[in-house]
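In our numbering, the protein residues as written are 108 to 243.
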């Protein structure tokens with residue numbers, strides 16, 4: 108840093124001096140009027156570098172999210188397949204129930220209490236795991 112404009116002007120006026128100082132000594136010559144611009148450009152460069160580093164981190168996180176989302180899609184496909192299989196089983200059970208109902212149409216029904224006693228089913232048990240009498 109050259110503290111006054113006159114000294115800065117003399118250094119700038121000498122041909123090749125500024126370039127030699129920059130190249131050989133790694134010194135940037137700055138005067139009172141150019142120091143602020145030099146510092147502003149350095150600050151902007153550091154901000155740009157910080158933004159690039161953060162954007163690199165964001166891209167890494169997005170890559171990880173994409174990988175996990177692909178796995179999630181695979182799991183969803185498996186769940187969909189299992190749900191379709193379960194639905195098919197329910198449909199098949201309905202077909203079987205209707206077939207049994209058709210066969211049993213001719214059989215005479217018996218009173219519920221007598222049927223439960225004959226089949227050894229506790230009175231009030233509807234087969235759904237809830238006690239019918241408990242709600243009363």
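Here a beta-carbon is modelled for each residue, glycine too, at the ideal position from N, C-alpha and C.
Since the structure is predicted, the reported quantities are computational estimates derived from the model, not experimental observations.
Boundaries (first-last residue) of the alpha helix (DSSP H) holding residue i
i, result
"residue 115", "112-120"
"residue 127", "124-127"
Within 7 angstroms, strictly: CB atoms of residue i and residue j
i, j, result
"residue 128", "residue 134", "yes"
Discussion item. Contact between the stretch 113-120 and the stretch 134-145 is defined here as three or more beta-carbon pairs at a separation below 8 angstroms; is this criterion met?
Written reply: yes
Discussion item. Runs of 4 residues minimum, wholly inside the stretch 195-233: which ones carry the alpha helix (DSSP H) assignment?
Written reply: 219-226
Fill in: Entirely enclosed alpha helix (DSSP H) segments - the stretch 117-192, minimum 4 residues
124-127
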